[in-house]
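Just so you know, we're using the working numbering here: the sequence shown kicks off at 8 and counts up by one.
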Amino acid sequence: MVKVKQKKTSINRCQTIYSSIDRIGKNLITISTIEQAGKTIHSPCVVTLGNFDGIHLGHQALLDRVLQVSQKTGLASCVVTYDPNPAVVLGKKPEMKNLMVLADKEEWIRRKGIDFLVVLPFNKELAEMSAESFLEEILLKQLKARNIIIGFNHCFGKERRGNYELLKEYSEKLKYSVEKMDPVFLKEIKLSSSYVRRLISEGNVKEAARCLNRFYSVSGIVVGGHKRGRKIGFPTANVQPNADILLPSIGVYAGFTTVAEIEHPSMINIGHNPTFGENALTLESNIFNFQKDIYDETIKITFTEKIRNEIKFSSVENLIAQLKQDEISARNILKTTINEKSPHP
């Protein structure tokens with residue numbers, strides 16, 4: 008069991024925090040088919056596999072361990088993931104939203120310094136493959152796994168029969184080593200992507216940030232809106248996020264908006280604009296001291312802390328008064344955030 012000590016540490020507002028083992032900027036080779044993997048990977052590998060949605064502290068510990076073994080043995084490092092998420096394809100969680108798009112996952116893994124990322128298209132054929140066939144045909148034959156490191160709760164193969172026990176059973180016969188990572192605990196809670204999703208769904212982005220070691224963010228294209236914010240002194244960028252990505256719960260948040268790789272302190276709203284009788288869910292960012300036209304640009308919204316829930320006001324004047332208080336709250340929160348230092352050097 009791995010516990011994360013709860014001392015007073017801060018969370019870097021940037022998208023990713025790197026530990027001392029990271030090899031930033033190393034060339035990652037991304038492979039999208041089994042056949043391509045067999046033609047691309049020519050030497051034995053240290054392999055891990057999983058969904059890695061959100062890449063929380065547990066995932067980070069697993070990736071760090073892969074890199075440690077890779078450096079010790081001189082073998083290449085390889086991460087296997089699935090797209091789309093098996094839980095969605097198999098109908099177990101058809102409405103489940105992701106914490107991270109594949110491109111962000113790929114970038115995270117690249118920055119960690121992994122050699123190969125194998126993205127397996129999760130379909131009916133793969134779902135029906137037995138765990139033994141997955142082990143022999145994919146992990147050993149195509150990926151040339153010499154060392155397999157698996158998360159404490161990851162399963163693979165038909166009916167999820169593939170696990171640490173199965174890997175251990177065949178390891179001597181098929182000549183590979185296997186290691187199971189212990190779970191990572193935060194405040195006595197076992198970290199998982201499901202737990203992080205729950206926190207974000209509840210609007211507890213501050214606690215989610217502790218699990219991720221970074222603030223949660225979503226990206227999207229700036230689209231046209233009703234321009235009501237401009238008329239009341241709080242212009243907003245209306246963002247259309249990826250439909251498969253999880254948004255925090257409805258309400259007002261302090262955070263940052265990244266435009267052209269520059270972060271800007273912001274006040275963010277997720278809601279239905281009930282004061283104006285709207286029904287559609289919108290994501291809007293009031294970027295402080297910002298006047299540029301950014302329509303059709305892709306921007307990133309980072310959530311640091313929830314300020315309040317959505318309220319239906321009796322008048323526009325009452326809404327404006329509350330927004331002024333919200334801005335003060337957001338600026339105070341962000342002032343503290345900006346002055347914080349990352350827990351990692």
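Where is the CB? At the ideal position from N, CA and C, for every residue including glycine.
Of the residues the options, the one placed nearest residue i, counting alpha carbons only
i, options, result
"aspartate 303", "Ser140, Asp60, Asn34 and Ser226", "Ser226"
"leucine 330", "Gly164, Ile301 and Phe295", "Phe295"
"leucine 133", "Asn105, Lys112, Pro255 and Val96", "Val96"
"glutamate 113", "Ile38, Lys319, Val229 and Ala244", "Ile38"
"lysine 234", "Ser256, Ala261 and Asp300", "Asp300"
"isoleucine 228", "Ala216, Leu341 and Thr289", "Thr289"
"valine 259", "Ile252, Asp251, His279 and Leu70", "His279"
"glutamate 172", "Leu150, Glu144 and Glu139", "Glu139"
"glycine 210", "Arg315, Phe59 and Asp71", "Arg315"
"lysine 194", "Glu214, Ser273 and Asp111", "Glu214"
"tryptophan 115", "Leu254, Pro255, Lys99 and Phe59", "Phe59"
"proline 190", "Lys342, Ile335, His63 and Ile327", "His63"
"glycine 232", "Glu317, Ala328 and Glu285", "Glu285"
Endpoints, the beta strand (DSSP E) within which residue i is located
i, result
"proline 93", "Proline 93 -> not in any beta strand (DSSP E); alpha helix (DSSP H) instead, spanning 93-96."
"aspartate 90", "83-90"
"glutamate 102", "Per DSSP, glutamate 102 belongs to no beta strand (DSSP E) and is neither H nor E."
"threonine 311", "305-315"
"tyrosine 202", "Looking at the DSSP string, tyrosine 202 is not in any beta strand (DSSP E); the run it does join, the alpha helix (DSSP H), is 200-208."
"glutamine 247", "244-248"
"glycine 227", "223-230"
"alanine 261", "258-266"
"glycine 278", "269-278"
"leucine 124", "123-128"
"cysteine 162", "First-last for cysteine 162: undefined, no H or E at that position."
Rounded separation between residue i and residue j - CA only
i, j, result
"glutamate 270", "glutamate 312", "16 Å"
"isoleucine 155", "leucine 146", "9 Å"
"aspartate 122", "serine 201", "28 Å"
"isoleucine 196", "threonine 282", "39 Å"
"glutamate 176", "proline 101", "33 Å"
"glycine 65", "glycine 240", "43 Å"
"threonine 40", "proline 128", "7 Å"
"glutamate 268", "threonine 305", "10 Å"
"histidine 161", "asparagine 245", "38 Å"
"asparagine 92", "serine 184", "27 Å"
"phenylalanine 263", "cysteine 218", "19 Å"
"isoleucine 28", "glutamine 75", "Only weak support exists for where isoleucine 28 lies, its pLDDT of 39 falling under 50; the coordinates are left without a value."
"asparagine 339", "asparagine 325", "22 Å"
"glycine 32", "glutamine 78", "Note that glycine 32 scores 45 on pLDDT, short of 50, meaning its location in the model is unreliable; the coordinates nonetheless yield the value given after this. Taking the straight line joining both Cα atoms gives about 17 Å."
"methionine 103", "arginine 167", "19 Å"
"glycine 45", "phenylalanine 222", "37 Å"
"glutamate 42", "cysteine 85", "16 Å"
"leucine 56", "leucine 82", "16 Å"
"aspartate 333", "valine 230", "24 Å"
"lysine 319", "glutamate 186", "54 Å"
"serine 50", "leucine 69", "21 Å"
"aspartate 71", "asparagine 170", "20 Å"
"proline 255", "valine 212", "7 Å"
"arginine 30", "aspartate 251", "Below a pLDDT of 50, predicted positions are generally treated as unreliable, and arginine 30, at 44, falls in that range; the measurement from the model is reported next regardless. Whole-angstrom Cα-Cα distance: 30 Å."
"lysine 148", "glutamate 135", "19 Å"
"leucine 341", "valine 266", "17 Å"
"methionine 188", "glutamate 317", "41 Å"
"isoleucine 327", "glycine 236", "10 Å"
Rounded Cβ spacing between residue i and residue j (contact assumed at less than 8 Å)
i, j, result
"glutamate 224", "lysine 119", "Per the sequence shown, the amino acid found at residue 224 is serine instead of glutamate. Contact flag wrong, Cβ pair sits at about 18 Å."
"threonine 80", "valine 53", "7 Å"
"alanine 152", "alanine 261", "Incorrect: roughly 45 Å between the Cβ atoms, too far for contact."
"isoleucine 257", "isoleucine 277", "5 Å"
"glycine 158", "serine 137", "The pair is not a contact, with the Cβ atoms about 20 Å apart (cut-off 8 Å)."
"serine 322", "threonine 243", "Actually they do not touch by this definition, with Cβ atoms about 20 Å apart."
"asparagine 249", "valine 108", "6 Å"
"isoleucine 48", "leucine 142", "Not a contact, Cβ separation roughly 16 Å."
"leucine 181", "arginine 117", "Leucine 181 to arginine 117, Cβ: 30 Å. No contact."
Buried or exposed (CB count within 10 angstroms, at least 16 for buried), residue i
i, result
"glycine 61", "buried"
"phenylalanine 310", "buried"
"valine 73", "buried"
"valine 125", "buried"
"isoleucine 207", "buried"
"glutamine 247", "exposed"
"arginine 353", "For the chain, the structure presents residues 8 to 352; residue 353 sits outside this window and is missing."
"asparagine 105", "buried"
"alanine 287", "exposed"
"alanine 216", "buried"
"glutamine 298", "exposed"
"serine 199", "buried"
"alanine 67", "The sequence shown places glutamine at residue 67, rather than the alanine named in the question. With 16 or more Cβ atoms within 10 Å of its Cβ, glutamine 67 is classed as buried."
"glutamate 179", "exposed"
"asparagine 130", "exposed"
"threonine 344", "buried"
"aspartate 111", "buried"
"glycine 98", "exposed"
Unbroken alpha helix (DSSP H) run spanning residue i, endpoints
i, result
"glutamate 7", "Residue numbering for the chain in the displayed model covers 8 to 352; residue 7 lies beyond these limits and cannot be assessed."
"glycine 65", "64-80"
"arginine 167", "From DSSP, arginine 167 is part of no alpha helix (DSSP H); its letter is neither H nor E."
8 Å Cβ cutoff, residue i in contact with chain B
i, result
"glycine 81", "Checking the listed chains, one finds no chain B in this structure; it contains a single protein chain."
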